[in-house]
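There are 2 protein chains.
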Amino acid sequence: MFQVLAKASPALGPQVLVWAQTMASHQLRVAPPGALLKPLSVPNRLLLGAGPSNMAPRVQAAGRLQVIGVMHKEIFQVMDEIKQGIQYVFQTTNALTLAVSGPGHCALETALMNLLEPGDSFLVGANGMWGLRAVDIGERIGAHVHPMIKEPGGYYTLQEVEEGLAHHKPVLLFLTHGESSTGVLQPLDGYGELCHRYQCLLLVDAVASLGGAPLYMDQQGIDVLYSGSQKVLNSPPGTALLSFSNRAKHKVYTRKTKPVSFFMDVTLLANFWGCDDKPRTYHHTIPVTGLYSLRESLALMVEEGLEVSWRRHHEAMAYLHGRLQGLGLQLFVRDPATRLPTVTTVVVPSGYNWRDIVDYIMDSFSIEIMGGLGPSAGKVLRIGLLGCNASRENVDRLTEALKEALQHCSRNRL
Amino acid sequence: MFQVLAKASPALGPQVLVWAQTMASHQLRVAPPGALLKPLSVPNRLLLGAGPSNMAPRVQAAGRLQVIGVMHKEIFQVMDEIKQGIQYVFQTTNALTLAVSGPGHCALETALMNLLEPGDSFLVGANGMWGLRAVDIGERIGAHVHPMIKEPGGYYTLQEVEEGLAHHKPVLLFLTHGESSTGVLQPLDGYGELCHRYQCLLLVDAVASLGGAPLYMDQQGIDVLYSGSQKVLNSPPGTALLSFSNRAKHKVYTRKTKPVSFFMDVTLLANFWGCDDKPRTYHHTIPVTGLYSLRESLALMVEEGLEVSWRRHHEAMAYLHGRLQGLGLQLFVRDPATRLPTVTTVVVPSGYNWRDIVDYIMDSFSIEIMGGLGPSAGKVLRIGLLGCNASRENVDRLTEALKEALQHCSRNRL
Ligand SMILES: Cc1ncc(COP(=O)(O)O)c(C=O)c1O
Ligand SMILES: Cc1ncc(COP(=O)(O)O)c(C=O)c1O
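Residue numbers (our numbering), protein chains in the order written: chain G, 1 to 414; chain E, 1 to 414.
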């Protein structure tokens, strides 16, 4: 090899190349791992947990397409279509609308990193896992965080929010639309208006609800909205949806300090996503094939129509609830008006260990359902009917599996 | 639909469901975008820029596999195999080795967010784009950043580094192994040892060099090393490789403050990746299919063998350099000893506009090459031979294309 190089670079002379020198003075000491000599094998599962869900066939097909460059006009076109798709599923005309190159947590953190500056007052609806995450991140950023702690299963009334706003004078309120750890659907009508009366911005997590429950970003006065790719959209995890109202954009563009993260700096992302008037500049390498998939997911939602998708999820939920009650199981969320259509929480039946049930269904039926998460851990089973998985057939399959699990799992093993 | 629900939840009574109430008082105002009713179409390109590169066929096949849950034992197995694969390609036995759920920038930022605290002294080799990025991020974190600015095309000698260490007493030094914006291969032998003599940690960017040039994390005393998936590994963009030495781990685990980012908190990522002794806890939804692809990329590298891969890249580079010189083109990096094998920089031939050449080759041959980036913008053309793209056939295809471009592109259009 050395010879080849010497031939090709006659200018080289006797000079020792850095790479050759490096190789000469070291040896491989970490052996090639044997596990990687075996083929990759992945089971086929029906994912009826709180997410990720199964990919829709058309989305899965998109994962096969070859990568193109991140500054090619064809990827800009895909990004533009994704923007339009997000505007549709969010029901917004916000120019500052884009997909972040990461999971739901990355979208939440992008929102907080850009909206909050150290010392800002931040009010958080903490009625489950996701509010607690917002609290954690807000504190890391150095905001004054005011969590409104609530037992899992509850939601926030306008009155409770107004008390928080009046008392803490926050610049930002966080609410979770679809609280997937507890199974609660937070009402959103009137909350945006209320926040704006108190000079506060409204940030909403719709990771688990988007496409499964009605949501109208502009009409509901939501300032920042985000969602994930791997729930109702049936895309692979790795991208998330994010949009800023003009009010929120103003707060971001008039910050006194730069956001601590470069990767999540929304002004830079906005430029790369063609949301400002300047020519697009490379910011980071976007997940090209992940964006193909997301584009296809959004196309599927456009073809089905948002309202039809909402209806389908509600019908599947209603059918599921009926079947669960038929098995003698009890729904965790007391108030039927606020049950989340996409993720249903069931009280762990008395005398059972939740893990036995989950494991039995996985091992015997290759179906995933989940236990609780964070504040709901140990208290509930979680069943997700997300996107293409929200069908009567799947509910029937699961009901059979649950029935058998309840018969086989020994009681009183706690 | 309302009826279905009422039937299924007899407990409901006259109560109005939140979702139904929401739908009743709003209407869809943002129409479904027509662009998403058309099928997705993606061109097939030969990607000979600085990245992303084309996916290897086996990697592409992995993109088709169905998603599984992020707490399933099979994904833990894939993650464990990825860890072993990274340990092999990095040549390290570090326990704290994992893939981040984002691009190369996310790995860089994860490293800096965890290694630096406000006020820490941070020394940066800034001889191109990537050092400048490290400067930017370091400043956002509130470190005292000391950039050693150098003209594009140069590298850092041990003596220069020692002067910086002695003068600034940094806790961390950043160097770019494969400077893809300038085409320089930074020597690394002796730099780790030197840093440690000054109580400084060494952080190295190997995004563009990993698999294409010799690198021995442990033997070279590198404390934190990261790389990307979309260069020599031929995976889709969306994951990045990261490893911490025990020394670096100690700095992270004895921080006085939490890292500002939750998403990039290495202590939490380490737990999720099974790098500590505690049971794994969900941290965020990892890019499941992206990890399948990365696993396959690492398997390909294990099958080929690191040294063979290094040789193949050096041979392809040598062949390319010969062909370029045959066209009368001049290499940008003067010192042949420090030319980066994976990304070659060529001086823009006098009288030509670099963009004309790049566009001509793209439009007429569907081959991507790139102009400069950051400090090298306008000065160079960049040609990448990355992973499965590093072959004589591709060099021949490109040479033909370049030859024609030089004939057709009008001179003196600057
Ligand atoms: C409501 C809600 N918010 C946020 C998240 C976090 O998303 P991710 O796991 O993609 O980071 C989830 C995911 O499970 C969720 O259900
Ligand atoms: C040397 C080097 N470092 C860092 C990066 C940044 O990686 P990404 O674009 O994946 O964020 C690149 C990518 O082009 C690179 O070549």
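The C-beta atom is built at its ideal place from N, Cα and C for all residues, glycine as well.
Of all Cβ atoms in chain G, is any one closer than 8 Å to the Cβ of Val224/E?
-> no
Tell me, which residues are paired with His146/E by DSSP?
-> Leu123/E
Could you tell me whether the Cβ of Pro407/G comes closer than 8 Å to any Cβ of chain E?
-> In the sequence on display, residue 407/G carries Gln and not Pro. Output row for Gln407/G: interface = no.
Using 8 Å as the limit for Cβ to Cβ distance, is Ala35/G near chain E?
-> yes
Are Val343/E and Ala24/E close, meaning C-beta to C-beta below 8 Å?
-> no
Kindly indicate which three-state DSSP category Phe90/E falls into: helix, strand or coil?
-> helix
Below 8 Å on the Cβ atoms is my guess for Val30/G versus Tyr88/E; work out the distance and round it to an integer in Å.
-> 5 Å
When the Cα atoms are used, what is the spatial distance from Asp441/E to Gly212/E?
-> The displayed coordinates of chain E run from 1 to 414. Any statement about residue 441/E would go beyond what the structure contains.
Nearest neighbour of Val260/E, chosen from Pro118/E, Leu202/E, Ile361/E and Gly305/E [CA to CA] = Pro118/E
Of all the beta strand (DSSP E) runs that stay within the bounds of the segment 34-107 of chain G, which reach a length of 3 or more residues?
-> 96-100
Cβ pair Leu108/E, Tyr226/E closer than 8 Å | yes
In the DSSP assignment, find the unbroken alpha helix (DSSP H) run with Asp136/E in it and report its ends.
-> Met129 to Ile141
Quick one, are the C-beta atoms of Ser391/G and Ala318/G less than 8 Å apart?
-> no
Euclidean distance between Cα positions of Tyr292/E and Phe76/E = 11 Å
With a cut-off of 8 Å, do at least 3 Cβ pairs link the segment 371-379 of chain E to the segment 215-224 of chain E?
-> no
Gln60/E to Thr110/E span [Cα, whole Å] = 27 Å
When you compare only the Cα positions, how much space is there between Ser121/G and Cys106/G?
-> 21 Å
Relative to the alpha-carbon of Gly34/E, which residue among Val395/G, Gly328/G and Arg295/G has its alpha-carbon at the smallest distance?
-> Arg295/G
Under 7 Å between beta-carbons, which chain G residues line up against Tyr216/E? List them in chain order, please.
-> His26
In its own chain, which residues sit with a C-beta less than 7 Å from the C-beta of Val302/E, not counting the 5 before and 5 after it?
-> Gly85 and Tyr88
Taking His408/G as the reference, which of Asn353/G, Met148/G, Asn271/G and Leu165/G has the closest Cα?
-> Asn353/G
Beta carbon nearer than 6 Å to a non-hydrogen atom of ligand 2 | His284/G, Thr285/G, Ala50/E, Gly51/E, Pro103/E, Gly104/E, His105/E, Trp130/E, Thr176/E, Gly178/E, Ser180/E, Asp205/E, Val207/E, Ala208/E, Gly228/E and Pro237/E
Look at the alpha carbon of Pro187/G and the alpha carbon of Tyr155/G, and state the distance between them as a whole number of angstroms.
-> 8 Å
Looking only at its own chain, which residues have a Cβ that is under 6 Å from the Cβ of Ala405/G, when we skip the five neighbours before and after it?
-> Ile357, Tyr360 and Ile361
Sequence-distant residues of the same chain with beta carbon closer than 8 Å to Val395/E, five excluded per side | Ala316, Tyr319, Leu320, Arg323 and Leu385
Helix, strand or coil at Ala299/G [DSSP, three-state] = helix
With 16 as the cutoff for other CB atoms within 10 Å, does Ile369/G come out buried or exposed?
-> buried
Could one say the Cβ of Met1/G lies closer than 8 Å to chain E's Cβ atoms, at least one of them?
-> In this prediction, Met1/G has a pLDDT of 39, which is less than 50 and means its spatial position is unreliable; what the coordinates show is noted afterwards. It does: the Cβ of Met1/G has a partner Cβ on chain E nearer than 8 Å.
Ser9/E at chain G interface by Cβ criterion, 8 Å = Because the pLDDT of Ser9/E is 45, which lies under 50, any placement of that residue in the model is unreliable, and the question is left without a value.
Is the CB of His146/G under 8 Å away from at least one CB in chain E?
-> no
Contact check, Leu215/E vs His177/E under 8 Å by CB: the rounded distance?
-> 6 Å
Proximal residues of chain E, C-beta to C-beta of Tyr88/G below 7 Å = Val30, Pro32 and Pro33
Chain B within 8 Å of Cys388/E, Cβ atoms only | Here chain B cannot be found, since the structure's protein chains are G and E.
Can the beta-carbon of Leu96/G be found closer than 8 Å to that of Cys275/G?
-> yes
Contact list for the segment 271-297 of chain E against chain G, Cβ threshold 9 Å = Tyr282, His283, His284, Thr285, Ile286, Pro287, Val288, Thr289, Gly290, Tyr292, Ser293, Arg295 and Glu296
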